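Taking the numbering used here, the leading residue of the sequence shown gets 2, the next gets one more, and so forth.
Every residue gets a Cβ at the ideal spot worked out from N, C-alpha and C, and that includes glycine.
Since the model is a prediction, treat every value here as computed from it, not as a measurement.
Notes for the one structure printed next.
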Amino acid sequence: MDKRVVNGNNMKSIFKHFTEGCESMVSNLIVEQVECFDIGQILESGQVFRFEQINENSYILIAKQKRIKLVQQPGSNNLMIHHTTVGEFDEIWKAYFDLDTDYKGISKTLSDKDAYMKAAIEFGYGVRILKQDPWEMLISFIISQNKAIPHIKQCIANITERYGDEIGYDHDTDKTYYTFPTPEQLLRATEEELRECKVGFRAPYIVDACKKVTSGEVDLNELYILSASEAKEKLMQIKGVGPKVSDCILLFAYSKMDLFPTDVWIKRVIEGMYFEGKEISLKAIQTFAREYYGDLAGYAQQYLFFYGRENNLYK
Numbered sequence: 002m003d004k005r006v007v008n009g010n011n012m013k014s015i016f017k018h019f020t021e022g023c024e025s026m027v028s029n030l031i032v033e034q035v036e037c038f039d040i041g042q043i044l045e046s047g048q049v050f051r052f053e054q055i056n057e058n059s060y061i062l063i064a065k066q067k068r069i070k071l072v073q074q075p076g077s078n079n080l081m082i083h084h085t086t087v088g089e090f091d092e093i094w095k096a097y098f099d100l101d102t103d104y105k106g107i108s109k110t111l112s113d114k115d116a117y118m119k120a121a122i123e124f125g126y127g128v129r130i131l132k133q134d135p136w137e138m139l140i141s142f143i144i145s146q147n148k149a150i151p152h153i154k155q156c157i158a159n160i161t162e163r164y165g166d167e168i169g170y171d172h173d174t175d176k177t178y179y180t181f182p183t184p185e186q187l188l189r190a191t192e193e194e195l196r197e198c199k200v201g202f203r204a205p206y207i208v209d210a211c212k213k214v215t216s217g218e219v220d221l222n223e224l225y226i227l228s229a230s231e232a233k234e235k236l237m238q239i240k241g242v243g244p245k246v247s248d249c250i251l252l253f254a255y256s257k258m259d260l261f262p263t264d265v266w267i268k269r270v271i272e273g274m275y276f277e278g279k280e281i282s283l284k285a286i287q288t289f290a291r292e293y294y295g296d297l298a299g300y301a302q303q304y305l306f307f308y309g310r311e312n313n314l315y316k
């Protein structure tokens with residue numbers, strides 16, 4: 002097995018040693034000493050939908066139009082990435098997994114807030130916020146409305162199989178995987194065809210998203226340079242995109258970390274932890290999160306979401 006070893010805390014210097022002459026060579030990379038990183042917690046934290054668990058320690062991930070296999074042993078700070086190249090790691094996966102962000106410092110700052118936050122971070126210490134594709138996040142979170150995660154994953158799989166390009170067959174899962182269709186590819190789909198992909202009432206929302214993105218009425222690249230409030234306003238021009246969906250898109254694709262997506266789990270957790278179980282409006286929760294967590298609100302949300310959902314808190 003061809004292994005390229007990359008150090009998570011000193012990637013640049015060690016990475017250079019292995020790039021010469023092997024930029025296009027498909028390899029099995031070992032990323033060493035990655036702190037605050039648990040691939041299972043990351044993938045199971047409700048922010049990504051195109052993955053499959055092979056066994057306790059291994060996952061197939063489809064992202065950035067690629068298929069990779071991720072392996073991490075329990076308690077290990079090392080991550081093995083199969084079916085990639087050294088060049089792809091530097092160009093794609095390093096940013097995708099947010100490996101340059103100091104999660105140790107972030108978790109320390111949030112843990113010092115209160116005992117609730119400390120417990121959430123201790124439970125989900127390996128959670129990170131991925132930097133995903135804006136178009137894929139737009140369609141994925143339109144689909145996510147009032148759907149359980151397994152159903153969301155199936156709808157997305159149906160769409161990619163029908164409208165995406167084949168990536169390849171995987172022996173571990175005995176499945177063929179496909180790229181996420183571009184706006185132009187998905188524009189060919191009718192509402193009826195999308196309903197056949199099991200998206201239900203969301204079909205016209207997807208059609209509207211395709212039209213507005215391909216026409217340039219909504220420029221997804223522009224959102225990177227806009228403030229969170231300006232970007233939300235732009236996204237909400239698309240049918241079916243409300244405050245929660247736009248917050249998710251902006252957090253998981255654009256790293257707008259001052260946002261605090263609020264679904265039923267987060268609402269229950271915030272009410273239970275900070276308001277003695279009293280029902281609080283979504284607006285009040287948003288205000289609380291913005292004032293209490295500040296620029297780390299997005300990180301706090303992800304820790305709390307994972308902690309609350311995995312432990313069925315405040316049901």
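Check: Can you give the Cα-Cα distance for N159 and C198, rounded to whole angstroms?; Outcome: 5 Å
Check: Could you check what DSSP says for Q186 in three-state terms: helix, strand or coil?; Outcome: helix
Check: Using a Cβ distance threshold of 8 Å, determine whether the segment 302-312 contacts the segment 125-136, with at least three qualifying pairs required.; Outcome: yes
Check: Within the same chain, show all residues whose beta-carbon is closer than 7 Å to that of D171, passing over the 5 residues directly before and after it, in chain order.; Outcome: I61, R68 and Y178
Check: Suppose the cutoff is 7 Å on Cβ atoms and the five residues either side in sequence are ignored; what does the same chain contact list for T110 look like?; Outcome: L297
Check: Under 8 Å by Cβ, that's how I've got E59 and L71 pegged, so tell me the actual separation to the nearest angstrom.; Outcome: It should be pointed out that residue 59 corresponds to Ser in this sequence rather than to Glu. 7 Å between Cβ atoms; contact.
Check: CB K233 to CB V219, shorter than 9 Å?; Outcome: no
Check: Output the distance between the C-alpha atoms of R203 and I157, rounded to the nearest integer angstrom.; Outcome: 12 Å
Check: Closer than 8 Å by C-beta to Y255: which residues in its own chain qualify, once you throw out the five before and the five after it? Chain order, please.; Outcome: P135, L224, Y225 and A232
Check: For the 8 Å Cβ check, are there 3 or more pairs between the segment 98-106 and the segment 205-216?; Outcome: no
Check: According to DSSP, simplified to helix, strand and coil, what is L30?; Outcome: strand
Check: Helix, strand or coil, according to DSSP, for N56 in the structure here?; Outcome: strand
Check: Can you tell me the Cα-Cα spacing of Q73 and K257, whole angstroms?; Outcome: 28 Å
Check: Starting from R129, trace the beta strand (DSSP E) in both directions and tell me its first and last residue.; Outcome: First-last for R129: undefined, no H or E at that position.
Check: Using a threshold of 9 Å, state whether the C-beta atoms of I250 and T263 are closer than that.; Outcome: no
Check: Please say whether I207 and I140 have beta carbons closer to each other than 9 Å?; Outcome: yes
Check: Look at the alpha carbon of E36 and the alpha carbon of A120, and state the distance between them as a whole number of angstroms.; Outcome: 18 Å
Check: Less than 8 Å between the CB of L314 and some heavy atom of the ligand MN, yes or no?; Outcome: The ligand MN is absent from the structure shown, which contains no ligand whatsoever.
Check: Counting along the chain, where does the beta strand (DSSP E) carrying E45 start and finish?; Outcome: Premise fails: E45 is in no beta strand (DSSP E) and is neither H nor E.
Check: Quick one, which of K65, N29 and I82 has its alpha-carbon nearest I40's?; Outcome: I82
Check: Take E280 and list the residues in its own chain whose beta-carbon comes closer than 8 Å to its own, dropping the five residues that flank it on each side.; Outcome: E272
Check: Are I168 and G47 closer than 9 Å when you measure CB to CB?; Outcome: no
Check: Mark R310 as exposed unless 16 or more other C-beta atoms lie within 10 angstroms of its C-beta, in which case mark it buried.; Outcome: buried
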